Amino acid sequence: MYVGTLSFDLLLGDVRSLKEKRSVVRPIVAELHRKYAVSVAEVGDQDLHRRARIGLAVVSGDAGHLTDVMDRCERLVAARPEVELLSVHRRLHGDDD
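Structure below.
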């Protein structure tokens, strides 16, 4: 069994309130969950209206499949025009850990 985690640090574009922030972050979280069946949530910077931290977790029996899903999730977030991807932290845990 393999578990992969991603943490995205995002800078949001023209956002002036927490309500506007939710309207940007929620669709990203929903699309990641719907398209790739991953566990995903906003996990940090909830009180800052121009920053967001999104955490994602994936479980798979195959390390190659896990890496592929994580790569696709990262590309999806990076391609969103309304956010700037500042950093991505990736971790992969296997049975040996």
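Residue numbers for the sequence shown follow the working numbering, beginning at 53 and rising by one. Heads up, the beta-carbon is just placed ideally off N, CA and C, and yes, glycines get one too. Quick caveat, the model's predicted, so the values are computed rather than measured.
Pull up the DSSP beta-bridge partners for residue i, would you.
i: Leu-63; result: Arg-103 and Glu-136
i: Thr-57; result: Ala-109 and Arg-143
Report the residue from the options whose alpha carbon sits nearest the alpha carbon of residue i.
i: Arg-78; options: Gly-146, Gly-107 and Leu-58; result: Gly-107
i: Val-81; options: Asp-114, Asp-97 and Arg-105; result: Arg-105
i: Cys-125; options: Glu-94, Lys-87, Asp-99 and Arg-102; result: Lys-87
i: Glu-134; options: Ala-115, Arg-102, His-117 and Val-121; result: Arg-102
i: Leu-144; options: Lys-73, His-117, Val-76 and Ser-75; result: His-117
i: Val-110; options: Met-122, Leu-100 and Val-95; result: Met-122
i: Ser-91; options: Gly-56, Asp-120, Ser-69 and Glu-136; result: Gly-56
Give me the Cα-Cα distance between residue i and residue j, rounded to the nearest whole angstrom.
i: Leu-138; j: Ser-59; result: 11 angstroms
i: Lys-71; j: Asp-148; result: 43 angstroms
i: Asp-66; j: Arg-142; result: 27 angstroms
i: Arg-68; j: Asp-120; result: 35 angstroms
Does the beta carbon of residue i come closer than 8 angstroms to any beta carbon on chain D?
i: Gly-116; result: You won't find chain D in this structure, because it holds only one protein chain.
Compute the beta-carbon to beta-carbon distance between residue i and residue j, rounded to the nearest angstrom, for a pair I have assumed lies under 8 angstroms.
i: Gly-96; j: Met-53; result: The Cβ separation is near 27 angstroms, so there is no contact.
i: Leu-64; j: Lys-73; result: 6 angstroms
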